[in-house]
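Residue numbers (our numbering): 875 to 1317.
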Ligand SMILES: *Cc1c(COP(=O)(O)O)cnc(C)c1O
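Pasting the structure below:
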């Protein structure tokens, strides 16, 4: 028993594929994104799971069976992927922070990257194959992917990032020496990195080496991102905020609303999948920065696919002009549309939310999380207040320049970042040229 996947551009589902094919292809041959033909319901007893890894095991088994690896191996892989805490911290005014930044690179990208890396590696081991993963990154994704794949036996990673266009801390996280990971600083922009990666992945000579991608549209990253929404719903149910779509109406407490700091809309899409699988979720706020095409589309202010150029903001992991997962949300149709509202916020609103949260709740939040908190205020100015969970997508210590602007003198140290200060780095520079990257890979 295992879910089938179809391309977002194959609405009739005429050529569904299994998980393995969707995972290694990344993008469907027709250029669409893979999504489930049918979203499986939640397993019985999911709310009885004693820990996050136990919940992950229950839910991912419902989706994937044993993924062809045998039950015990699949289960131990899942437990290894999610071996860090996922706390739900209460704030004032019926708000909670779901802390997704306790993984090794201190951002939620660790959930998707660690699961995808382990499952790819295990499937490759069984097939006796090896793969080189080529990833273009502008920040959090690259370090999560590098960390997720580091030291695995059947994969190695080539990371491309735009030289001089990531923060000093991000650069350290990208270039720290990891077994099986090579990092290239490209003399160009993020768009150059992405173009070079795409072009080598389509090159026949390079393809013979065995290459794949690990970008944010991979279904292997999306599936595990549903889990923390379910985890929050389960924890809140324990506090009297109800969580099952089937509970009798009369004694229902309000179901939780989620505020999701959004860029490429991967996190939001995963949440929508969790809701469509039957978890009782009121809805989602897509919290954007100035790159707010999606909220404007939601409110009918734009109707075409004319995506604007990306604008640089203080919440840089959300600086996405053309969100690629929009295509998935759209393919889920009206049931997804009904769940989602959204709004864009300025950098000054972001700084104000960081300062306010420090003052009123005694907590430091990263600029992305701050946009999510700001969105709760906006939502409550237009609708009745309901219990709301804000996804804390990264740790404040990853963004010391921004956070200390809002909270002068804040302590932004983090034990997870200390070892980086003395770590050996291993970056190389490369021209913004596909031929140069091809040569590097072939050597
Ligand atoms: C990637 C990222 C986001 C945006 O998530 P999407 O899935 O691209 O919408 C938000 N915050 C942080 C810290 C991120 O790294």
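Using N, Cα and C, we set each Cβ at its ideal position, and we do this for glycine too.
Beta-bridge partners of residue 1056 (DSSP): 1032. Pairing residue 1035 with residue 1309, the inter-Cα distance amounts to about 17 Å. Counting the other CB atoms within 10 Å of its CB gives residue 1217 a total of 16 or more, which places it among the buried residues.
About 43 Å separates the Cβ atoms of residue 1071 and residue 1115, ruling out a contact at the 8 Å cut-off.
DSSP lists 881 as the beta-bridge partner residues of residue 908. Under the 8 Å Cβ criterion, the segment 1049-1056 counts as touching the segment 1020-1032, having at least three qualifying pairs. The residue from 1155, 1219, 1287, 945 with its alpha-carbon nearest to that of residue 1100 is 1155.
Residue 978 and residue 1013 have their C-alpha atoms spaced approximately 14 Å apart. Apart from sequence neighbours up to five positions away, the residues of its chain that approach residue 1276 with a beta-carbon distance below 6 Å are 1188, 1241, ordered along the chain. At a Cβ-Cβ threshold of 8 Å, residue 1260 and residue 1135 do not count as neighbours.
Bounds of the beta strand (DSSP E) holding residue 973 are 969-973. With respect to the 8 Å criterion, residue 1163 and residue 1224 are classified as neighbours on the basis of their beta carbons.
In the three-state scheme derived from DSSP, where H, G and I count as helix and E and B as strand, residue 986 is classed as helix. The Cβ neighbour count for residue 1222, taken over all protein chains shown within 10 Å, is under 16; the residue is labelled exposed. In this structure, residue 1139 lies near residue 1199, with their beta-carbon atoms less than 8 Å apart. For residue 1314 and residue 1075, the gap between their C-alpha atoms comes out near 13 Å.
Scanning 970, 1007, 1041, 943 for the CA closest to the CA of residue 993 turns up 943. DSSP, read as helix, strand or coil, puts residue 1159 in strand.
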